[in-house]
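Data block below; observations after.
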Amino acid sequence: MQKILKLNPVSYINGTVYLPGSKSISNRVLLLSAFSDGMTTLNNLLDSEDTQCMLSALKEIGIVYSLSNKNTTCHIKGNIKLFKVPHALSLFLGNAGTAIRPLLSAFSLFKNDIVLTGNNRMNERPIKHLVDALQQGGAIIEYKNNLGYPPICVKGGFIGGLITLDGSISSQFLTSLLMIAPLALKNTTIFIKGNLVSKPYIDITIKLIKLFGVHIKNESYSIFNIIGNQKYKTPGNYVVEGDASSASYFLAASAIKGGSVKVIGVGKKSIQGDIQFASILEKMGAIISWGDSFIISTKNKLKSIDLDMNHIPDAAMTIAIVALFSHGTTIIRNIYNWRVKETDRLSAMTNELKKIGAIVKEGKDFLSITPPKNFKFAEINTYDDHRMAMCFSLLCLSNFGVNIVNPDCVVKTYPTYFHDFLNICKN
1 MQKILKLNPV SYINGTVYLP GSKSISNRVL LLSAFSDGMT TLNNLLDSED TQCMLSALKE
61 IGIVYSLSNK NTTCHIKGNI KLFKVPHALS LFLGNAGTAI RPLLSAFSLF KNDIVLTGNN
121 RMNERPIKHL VDALQQGGAI IEYKNNLGYP PICVKGGFIG GLITLDGSIS SQFLTSLLMI
181 APLALKNTTI FIKGNLVSKP YIDITIKLIK LFGVHIKNES YSIFNIIGNQ KYKTPGNYVV
241 EGDASSASYF LAASAIKGGS VKVIGVGKKS IQGDIQFASI LEKMGAIISW GDSFIISTKN
301 KLKSIDLDMN HIPDAAMTIA IVALFSHGTT IIRNIYNWRV KETDRLSAMT NELKKIGAIV
361 KEGKDFLSIT PPKNFKFAEI NTYDDHRMAM CFSLLCLSNF GVNIVNPDCV VKTYPTYFHD
421 FLNICKN
């Protein structure tokens, strides 16, 4: 029997939220720390299913670490030599794209016999563009079941060189290559084919790689030059900033029904592209104020927007919900990569938005949303997708409540989400 969370109508939103660590940053710095000689201390690390997948894999190959402070502080001793595993190994990585993709590249650096697999949805998510790029650099990789999809077996062999990467599906493929290219025997030049999606996530990668002592030259996101045979150096201590994608739900809630909400952990100094969500919310009418490490959102009359949101695909999902409370028709464009996330988010969003009475048009890479004249009570399917659950929790800001099916799927990135959300809900 599926668990259902009933959220009653909320009359007012107000309060302060301390954000958990960014998932994107957490899994990147865990791997970079494992590559680096010496001890790294990571503070405000996200404790979630995705980071647990990465930590479990690192432990399996012998990386030594300890967790404290409710698993949000990690002391990790790096050793790149441990990525050469002397025996056959199979690693289960759930549905963590930020784990399976960089680990595939990491294990390609050495002679290995490692199978990487995940849950059913992970084994439906394409990885061919990354595999093709690694093979151009000499890697030996075999598909175990279906061509282009996990599970995959990596045998090593990557030495770098000239690589062409299709950037149209996921920026995580390029992130994966950028993280290992400095460790390769040869210099690497990566040429991007097509339109590179989610560019702000590449900025995160490059900034974190620089934090660990390696510089990467980037020519307008179309050519990346990386010197090989380098070593990563631990920064010693690093504080993971709050998760900007997670901030979007609280900022949106206050814009719709506040009051004001202050999110602490992201702000003007954030390295995450998803803080641009706050600027889009401001364009829609919300009152936004910024600090170095906080953002405040205050309720105001909201209007529709028509915008390319390829740069912030995760936070763009929250805009789809804000659209329900805005005057006019909102169009979210250039979001094809929604289709290869934890679920086909374009189809899932369409199905669930229609349940509550919205007029929705779904294209190959866009979504058009006109608010309902009258909201309908609905039971929302989440498709085992954490962002679907968190987005649709905002429906309780209408005059109707909402039932969320399988609310526990939020453990992927934000296990305490509903506790934190209900903490700012006032009745």
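For the sequence shown, full-length UniProt numbering begins at 1 and goes up steadily by one.
The C-beta atom is built at its ideal place from N, Cα and C for all residues, glycine as well.
Item, Value
"N- and C-terminal bounds of the beta strand (DSSP E) containing Ile369", "Leu367 to Thr370"
"Extent of the continuous alpha helix (DSSP H) run through His327", "Segment: none, His327 is in no alpha helix (DSSP H) and carries neither H nor E."
"Contact belief for Thr189 with Ile159 at Cβ below 8 Å, rounded distance in angstroms", "Wrong, their Cβ atoms sit about 13 Å apart, outside the cutoff."
"Ser68 - partner residues in DSSP beta bridges", "Thr73"
"Thr298, enclosing beta strand (DSSP E) - first and last residue", "Phe294 to Thr298"
"Every unbroken alpha helix (DSSP H) inside the region 356-412 [4 residues or more]", "386-392"
"Segments assigned beta strand (DSSP E), at least 3 residues, entirely inside the region 98-170", "114-117, 140-143, 152-156 and 161-166"
"Residue from Ile114, Leu165 and Ile335 with nearest C-alpha to Leu156", "In the sequence as presented, Leu is not what sits at residue 156; that position holds Gly. Nearest of Ile114, Leu165 and Ile335 to Gly156, Cα basis: Ile114."
"Every unbroken beta strand (DSSP E) inside the region 170-256 [3 residues or more]", "188-193, 217-219, 223-226 and 237-239"
"Residue of Ser246, Lys412 and Asn237 minimising C-alpha distance to Thr40", "Asn237"
"Pick from Pro200, Phe250 and Cys391 that is closest to Ile424, judged by C-alpha positions", "Phe250"
"Bridge partner(s) assigned by DSSP for Tyr12", "Lys426"
"Inter-residue Cα distance where the pair is Gly21 and Asn44", "5 Å"
"Neighbour-count burial assignment, Thr416, 16 or more Cβ in a 10 Å radius", "exposed"
"Sheet register partners of Asp37 (DSSP bridge)", "Lys233"
"Run of the beta strand (DSSP E) containing Asp308, from where it starts to where it stops", "Asp306 to Asp308"
"Cβ-based burial, Val239 [other Cβ within 10 Å; buried from 16]", "exposed"
"Close-in-space but distant-in-sequence residues of the same chain around Ala99 (CB under 7 Å, 5 per side omitted)", "Asn27, Asp50, Cys53, Met54, Ala57 and Leu93"
"Presumed contact (8 Å Cβ cut-off) between Leu196 and Gly167, rounded CB distance", "4 Å"
"Asp37 versus Asn14, Gly78, Ile13 and Lys3, residue with shortest Cα-Cα distance", "Gly78"
"Other residues of its chain near Ser260: CB distance less than 7 Å, five sequence neighbours each side excluded", "Asn14, Ser254, Ile296, Ser297 and Thr298"
"Environment of Ile359 [buried if 16+ CB atoms lie within 10 Å]", "exposed"
"Leu5 beta carbon less than 8 Å from that of Phe418", "yes"
"Cross-strand partners of Leu91 (DSSP beta bridge)", "Leu116"
"Own chain partners of Ile76 with C-beta closer than 6 Å, once the 5 adjacent residues on each side are dropped", "Ser33, Thr40 and Tyr65"
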